[in-house]
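Data first, discussion second: the structure below is written as structure tokens.
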Amino acid sequence: MADTANLREIVLGILMEVTEGEAYSHIALRNTLEKYQYLSKRDRAFISRVTEGTLENLIQLDYVIECFSKVPIYNMKPLIRNLLRMSVYQLMYMDTVPDSAVVNEAVKLAQKKGFYNLKGFVNGVLRAASRGLDTVTYPSAEETPVEYLSIRYSMPQWILQKWLGQFSFEEVEAVCASFKTEEAVTVRLRTDRVSREEIIQSLEEDGASWEQHPYLEYALRLTDFNYLQALKAFRNGWIYVQDVSSMLVSEIAAPNWGDYCIDVCAAPGGKSVHIADKLKGSGYVEARDKSEEKVALMQENIERLGVINMVAALQDATAYDELSFHKADIVLCDVPCSGLGVIGRKQDIRYRMNPTRQEELIRIQRKILSVAQNYVKPGGVLIYSTCTIGADENQMNLKYFLENFPFRLESIDPYIPEALRCRTSAGGYLQLLPGVHETDGFFMARLKRYDE
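Sequential numbering of the sequence shown, starting at 2, is according to my numbering.
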């Protein structure tokens, strides 16, 4: 292994970018690993493990630190706070790293970063923690369920309170636990391009292990590969990285031969590509986004994948496009949302979101719906979806939409696996819960225009 102090310094830098800056954890980590490609696989794994583990357990780590520190966590210098967090994570979750090494390297790193006068504080807190972790008392699930879930799974209490108002304690705990479980990469097989057998043979030749996803025949879970670009199937555009929840959105859209489709918030474009593939070269899919950079990336992806019936277009979903009035057979509204259903993939979402920001998003979601509904032909379909959990952004938005626009919910049971069919899916919508269902947290609804 490379100099462990240097590896820890790299981790500390990522944590500072994420917790004190504007960086998203998955992007900051990816950029760092690209920068240090020369490091061994083991060293890169250490950086990923400590970074992701610290962010995944942030609230719990702060709780534990305050059991051994006279200084409250948010009165500490930001660098010292993050140094203690990543060090306590190693003490709690990484048995292969000696406690003495964790403490000593943290003290060295504090001094290296110019906090010579605080190295005694760092040393004292971490030595006390290393001796006393078994004595920490946690909240009781029976007496204080919100506090228990918050500390046990590092979830903000305001989110838990909302979820517990809609789901059972067991369901909420299953969701929270799922965010701490490492997920395999799920891919969609583009069998309109090449046979399933040929794709699987290619994956196996490149050393990847695969498992059939229980919901969709063309979805596989991949493990035991180094990176995606090393897979011939990925380079050739035979597979597309996509969660099954996202694939199900295109399933309930159910495009017919020749349909005209508009995806108003398309980036990064997975659902649009899926619909284009389902159209088998017919029809037309317009994948829109308000960011020139994202539109360029989608267009680049379209060309790489060889999709002939799809184009990326620059268009703000909140701004009415008169030329699209009653033009589309299918409109996809996968709106910007709080993202609380994909915390397992983007750990820092839970800390960035707050009730005020969520209310702002709800206003944006309703604005997009009110604009996008104009593009649906009479008899056409609007698909509403989010990658979040909770009624505020999902069922309440449906209620608002149905009260204000000429649409009816249609059953999605004909389009989804039997295992997912339930009372609400028969009524036109479905809330997927990670840990309860074998997908990300996702909401989807199918609405048909009935006027004129």
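Each residue gets a CB set at the ideal place from its N, CA and C atoms; glycine is no exception. Predicted model, so just to flag it, every value in this text is computed and none were measured.
{"Asked": "Beta-bridge partners of lysine 449, as assigned by DSSP", "Found": "Val382 and Arg409"}
{"Asked": "8 Å contact criterion, which valine 123 and alanine 142 should meet: CB distance rounded", "Found": "Contact flag wrong, Cβ pair sits at about 33 Å."}
{"Asked": "Status (buried if at least 16 other CB within 10 Å, exposed otherwise) for tyrosine 75", "Found": "exposed"}
{"Asked": "First and last residue of the uninterrupted beta strand (DSSP E) at valine 242", "Found": "240-242"}
{"Asked": "Through-space distance from alanine 185 to alanine 231, alpha-carbon basis", "Found": "17 Å"}
{"Asked": "Presumed contact (8 Å Cβ cut-off) between serine 179 and glycine 345, rounded CB distance", "Found": "6 Å"}
{"Asked": "Simplified DSSP state of methionine 87, which is helix, strand or coil", "Found": "helix"}
{"Asked": "The region 207-221 in contact with the region 394-405 per 3-pair CB rule at 8 Å", "Found": "no"}
{"Asked": "Element boundaries [beta strand (DSSP E), containing glutamate 212]", "Found": "210-213"}
{"Asked": "Stretch-stretch touch, CB-based, cutoff 8 Å, three pairs: the region 218-235 with the region 304-318", "Found": "no"}
{"Asked": "Collapsed DSSP secondary structure at phenylalanine 47 in the structure displayed", "Found": "helix"}
{"Asked": "Beta-carbon contacts of leucine 229 that lie in its chain and below 8 Å, excluding the five residues immediately before and after", "Found": "Val186, Phe235 and Val242"}
{"Asked": "Those runs of the alpha helix (DSSP H) which lie wholly inside the region 85-143 and span at least 4 residues", "Found": "100-113 and 120-133"}
{"Asked": "Assigned secondary structure, glutamine 374 (DSSP; H/G/I helix, E/B strand, else coil)", "Found": "helix"}
{"Asked": "Proximal residues to glycine 340 (C-beta, below 8 Å), its chain only, five neighbours per side dropped", "Found": "Lys347, Ile350, Met354, Cys388 and Thr389"}
{"Asked": "Continuous alpha helix (DSSP H) stretch holding aspartate 278: start and end", "Found": "271-279"}
{"Asked": "Leucine 315 in three-state terms, based on DSSP", "Found": "strand"}
{"Asked": "Alpha-carbon to alpha-carbon, alanine 427 and isoleucine 417", "Found": "10 Å"}
{"Asked": "Anticipated Cβ contact below 8 Å, threonine 319 with valine 377, distance rounded", "Found": "About 17 Å separates the two Cβ atoms, so there is no contact after all."}
{"Asked": "Within 8 Å, strictly: CB atoms of leucine 150 and valine 173", "Found": "yes"}
{"Asked": "Coarse secondary structure for phenylalanine 443, derived from DSSP in three states", "Found": "strand"}
{"Asked": "Cβ neighbour criterion (16 or more within 10 Å) applied to isoleucine 81", "Found": "buried"}
{"Asked": "Cut-off 7 Å between Cβ atoms - residues of its own chain near serine 70, not counting five sequence neighbours on either side", "Found": "Val126"}
{"Asked": "Close-in-space but distant-in-sequence residues of the same chain around proline 79 (CB under 6 Å, 5 per side omitted)", "Found": "Glu21"}
{"Asked": "Reduced DSSP secondary structure (H/G/I, E/B, other) of glutamine 432", "Found": "strand"}
{"Asked": "N-terminal and C-terminal residue of the alpha helix (DSSP H) that threonine 33 is part of", "Found": "26-36"}
{"Asked": "From Leu448, Leu40 and Arg194, residue whose alpha carbon lies closest to that of alanine 1", "Found": "The first residue shown for the chain is 2 and the last is 453, placing residue 1 beyond what the model contains."}
{"Asked": "Contact check, alanine 288 vs alanine 255, beta carbons under 8 Å", "Found": "no"}
{"Asked": "Distance between beta carbons of leucine 84 and alanine 107, contact taken as under 8 Å", "Found": "6 Å"}
{"Asked": "When Arg132, Met77, Ser101 and Phe170 are compared against phenylalanine 116, the one with the closest alpha-carbon", "Found": "Met77"}
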